[in-house]
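Read top to bottom, the protein sequences are chains A and B.
Take any residue in the first sequence, note its place counting from 1, add 1136, and you have its number in the numbering used here.
Take any residue in the second sequence, note its place counting from 1, add 55, and you have its number in the numbering used here.
A virtual CB, placed ideally from N, CA and C, is assigned to each residue, including glycine.
Model, not experiment: these values are computed from the prediction.
This report refers to the structure that appears directly beneath it.
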Amino acid sequence: MAEAPARFRPNNLPAELTSFVGRRKQLSEVKRLLTTTRLLTLTGSGGAGKTRLALRAASEMARSFPDGVWLVSLASIDDPQLVLQAVFSALGLQDMSSGWSMSTLSGYLATKRLLLVLDNCEHLLDSCALLAVSLLKSCPELRVLATSRQALGVTGETRLRVPPLSLPEEDERLTPERIATYEAVALLSDRAVAVLPSFKVDQANSAAVLRLCRRLDGMPLALELAAVRLEGLSLEQIVNGLEAELPVLAKGSRGVEARQQTLEATMGWSYGLLNEQERLLWARLSVFSGGFDEAAAVAVCLGSELPAGHFAVNLGSLVEKSIIQRESDQQPARYTMLETVRQYGRQRLRDLGEEVEIRRRHRDWALELAMQMSAFDQRQAAMFNLVHLERNNIWSALDFSLRQPGEAAKGAEICRHLWIYWVTRGPCGDARRVVTSLLETTAKDSLPHAQLLWVAASLALAQNDYAAGQTLSEECVALAGHLNDPELVAWALICLAGARLSAGELTAVVELAESAMDLAEVNELQPIVLGALTALCVVKLSTGDLDGAIKLGEEVLDLSQGLGELWFRGNMFNYLSQASLQRGDLNGAEALLRESAACHLALYDREGLSHVVESLAWTATRRAAPERAATLLGSAERLRESVGSALPAFFREQHERALSAAADGLGEAAFQRAVERGHAMAVEEAVAYAVDSRSSTKSAAPAQTAPHGRLTRRELEIARLIAEGLTSQQIAAKLFISERTVTTHVANMLNKLGLNSRIQLASWVAGARQPAGPRDT
Amino acid sequence: MMFVVERRMPNVSRADLAMLQEALRFACDRLTSRGEPVRCLGSTFVPGQARLLTLFEAGSAEAVRTVNENVHAPFVCLEAAIQVDPAPEAYAV
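Shown next as structure tokens:
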């Protein structure tokens, strides 16, 4: 296959915020070694510049890896069990697998020619070693570039030590111009110019520059921390200050341990130069894992010693002094801290005796964030994205709840609110592990225990582990009933209905869903009403009562729209499309599937999207469009692979039928090409292709269309909004659907009514010429 | 001392189980080489319940926990275990 330019290669490498200085020799060595070894580990002390070198090499090597170069940043992960999820996340995958996640990942990577950059492995050495060995063994085209203070220590590993930046020998007599060519001096100058534009290595300061660079052992991070201080201090003041922190320095070649001491001393010196509030802020911010925004920092760090009035100033000051970094592409602004700097801050927090209290505040902030997930309103999509962004902070908060005696109850509460996110985006396996551990630490007759039973049941069902789902739901119903918590009882009844549905026990499902509905109505719990109605609708679909299913489905859509949520709505559009399909209404089914896709895409629910794309493949088959069908079948397969899920059993028959029809229609070679084309599509590309109404209606056979002059409820709604003068964009925003979907509905309406323009449509609405009658989809 | 670790592994294949077993041995060897002896004595899979039971011999439960936390396969419990040997003379005729 011809190689595309590097810029088109998929990757998640961050943009470089500062210039890359020196390292020409090491860079070329890393690139050379990556062509001959499958596991290369860059070793060296903290702050030596391993990450920067790895990222630059990965970026320059991108051309050689058709399936991309992917950075897995492990700095903010403390739990070895979360390493695998970090890889899933870096690759843009969602782990919804019911099997072993490692096997899912190996399966996904098995045929990929890809470079994985495992950054900051030192605190998770065993876990990373096992990951690297397992993946390299089962994925022949995979290469791994690791950075770590220590080598992974596995067979086949090539190690490359990252030395300090180059410096002239002590006794060399050099001109300032020559001195400036050494890497350490070049870096110091580059960073100094950013704060002191007139800075230049010249005859007057060259000795002091060299003394500072030698004092800092040519360590990039130490040089950067010192350089930003040149705005207010002279070179001599910086050197003197550093010597006070680290008085004993040996001459000549110094080892890793000594360089580590230099770095710590530099951080100690930087810490000492800050005012008291800035020092406290550095220490407190160290509880964040994976970054934070200002609002989060305020929630966790504010106090009488850190008043609100000076907070932004202190935060900005830490950015100026390179203690924290402001990410350039985030809105609101997001801040990160290098792991070495974070660890230093954490130690100071311990010294201050504040670690437990600030971690508790951090956990409480995570709980506040999680609670918004239970709202089932128009914030849902934004909340899903926020939880994804803050995932490392949430895992850290859960870890605190698990390990700190007496804190499990709030951990249970976080889990209770996050269930919907986990069953949609995963990782189900890890979430279930944490929930199970929390279950062991909560009293068996307590509310937190009941909450955890329900979340565990939901996760078990999401993993198709129906037996466990049933047992856990039953336990939850009994305990929550005993504790008189009707909301929890109702949710557990819905779970139980899901478990019984899998066993085909439809009468039981109806009884359970109706019981949940009774509780929900009495207690005004609308999300539970949505769950109960959905379960009842699925039963109607299963028994062939299409009118009944559509009636219930419309109730769900109305209620969902009133709330503004998307989760139940996305699933319901999909169920209703099945009813349309059973009636032979291809246009109606496709319109509903497009609505479903918009909801699932907003929540980035890949499993939901895979169902939509699969269903659109079936409609393409029925339209005698085999190429589109084969392409969509390939895309659906790729989506399933990217979440580690299998084709649902109840899809199998239609799936097989679509496969053989597409293969018969195209011939084997063309069929394979179309499937591969679909399989190669990225998520957004696949969804855009799937919902493109122009390609879906290109068919050899006429589709069965709805009777003219009869609009669906959604079409009528859009028609009325058009009559009110709203644009497609405004309608899309109001109804929380895509603009493309609005356009499709308008086209369908014009077609059904025999009209030519939106103006005619508006006049038609004004004339109230819509005949009464049931919806036709 | 002996310990049993239990995992729920629905939808797992024979190849997955073999891969996991290999990973457990690898993790045991690494910990043992650092002076904390742990040995994986073998696993039994109960397909009907999707349960995988793995037996370890180790100096402490903590060592067994460390090994199992590093193999990227969540476990539901870790318990001390006792090996029961048959007493042939009891059935001697």
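Residue-level contact check: Q1286 of chain A does not touch chain B, since none of the beta carbons of chain B fall below 9 angstroms from its beta carbon. Here L1451 of chain A carries a helix assignment [DSSP, helix/strand/coil]. Per the coordinates, the alpha-carbon of Q1461 of chain A lies some 8 angstroms from the alpha-carbon of R1470 of chain A. C1551 of chain A is positioned such that its CB atom lies closer than 9 angstroms to that of L1574 of chain A. Secondary structure note for G1689 of chain A: its alpha helix (DSSP H) is the uninterrupted segment L1682 to L1699. Taken in chain order, the complete beta strand (DSSP E) segments of 3 or more residues contained in the region 1184–1256 of chain A are 1205–1209 and 1250–1255.
Within chain A, the residues L1266 and S1270 have their CB atoms less than 7 angstroms from the CB of A78 of chain B, given in chain order. Selection A:H1618, A:G1634 and A:L1699 evaluated against T1607 of chain A yields A:G1634 as nearest (Cα-Cα). Annotation: the continuous beta strand (DSSP E) that includes R1462 of chain A extends over Q1461 to E1463. Cβ-Cβ distances below 8 angstroms link T1240 of chain A to D1231, S1233 and G1780 in the same chain, with the five nearest sequence neighbours on each side left out; the list follows chain order. Of all C-beta pairs linking the region 1697–1708 of chain A to the region 1509–1522 of chain A, three or more are shorter than 8 angstroms, placing the two stretches in contact.
Excluding five sequence positions before and after T1757 of chain A, the CB atoms of its chain that fall closer than 8 angstroms to its own CB belong to A1765, R1793, A1794, A1797 and A1798, given in chain order.
Chain-ordered, the chain B residues with CB closer than 9 angstroms to the CB of D1601 of chain A read R63, P65, N66 and A105.
A contact is defined here as three or more CB-CB pairs under 8 angstroms, and the region 1298–1317 of chain A fails this definition with respect to the region 1261–1270 of chain A.
Listed in chain order, the non-local C-beta contacts of S1209 of chain A below 6 angstroms within the same chain comprise D1255, local neighbours out to five positions each way being set aside.
In terms of Cα proximity to L1371 of chain A, the closest of A:Q1483, A:F1335 and A:P1356 is A:F1335. By the neighbour-count criterion, in which a residue is buried when 16 or more other Cβ atoms sit within 10 angstroms of its Cβ, I1494 of chain A is buried. Among the residues of chain A, those whose CB is under 7 angstroms from the CB of D71 of chain B are G1235, W1236 and S1239, following chain order. Residue burial is scored here from C-beta neighbours: R1351 of chain A has at least 16 other C-beta atoms within 10 angstroms and is therefore classed as buried. Contact check for H1881 of chain A against E1851 of chain A passes: the beta carbons are separated by less than 9 angstroms.
Only those residues of the region 1206–1220 of chain A whose C-beta falls short of 8 angstroms from the nearest C-beta of chain B are listed: D1215, P1216, Q1217, V1219 and L1220.
Shown here for E1812 of chain A: same chain residues with a beta carbon closer than 7 angstroms to its own, the five before and five after excluded, namely G1770 in chain order.
If you check the CB distance, M64 of chain B and A136 of chain B do not come in under 9 angstroms. Under the DSSP assignment, T1757 of chain A falls in the alpha helix (DSSP H) whose first and last residues are R1742 to R1758. In terms of CA proximity to T1402 of chain A, A:G1354 leads the group A:L1332, A:M1885 and A:G1354.
With respect to L1728 of chain A, L1712 of chain A sits close: the two C-beta atoms are nearer than 9 angstroms.
Cβ neighbours of L1693 of chain A within its own chain (closer than 7 angstroms, five residues either side excluded): R1705 and M1708.
Judged by pairs of C-beta atoms under 8 angstroms, the region 1489–1508 of chain A does not touch the region 1451–1458 of chain A, as fewer than three such pairs exist. Close partners of A116 of chain B in chain A (Cβ separation under 8 angstroms) are lacking, with about 14 angstroms as the shortest Cβ gap. Taken atom to atom, the span from the alpha-carbon of D1262 of chain A to that of V126 of chain B is near 9 angstroms. Contact of E91 of chain B with chain A is not assigned, every C-beta pair being separated by 9 angstroms or more. Listed along the chain, the chain B residues whose CB falls inside 7 angstroms of the CB of A1604 of chain A are R63. Taking every protein chain shown into account, the CB of G1605 of chain A has 16 or more other CB atoms within 10 angstroms, so this residue is buried. Put simply, the backbone Cα of S1537 of chain A is about 11 angstroms away from that of I1530 of chain A. In terms of Cα proximity to T1173 of chain A, the closest of A:T1247, A:A1151, A:G1439 and A:T1291 is A:T1291.
Among the CB atoms of chain A, none fall inside 9 angstroms of the CB of C95 of chain B.
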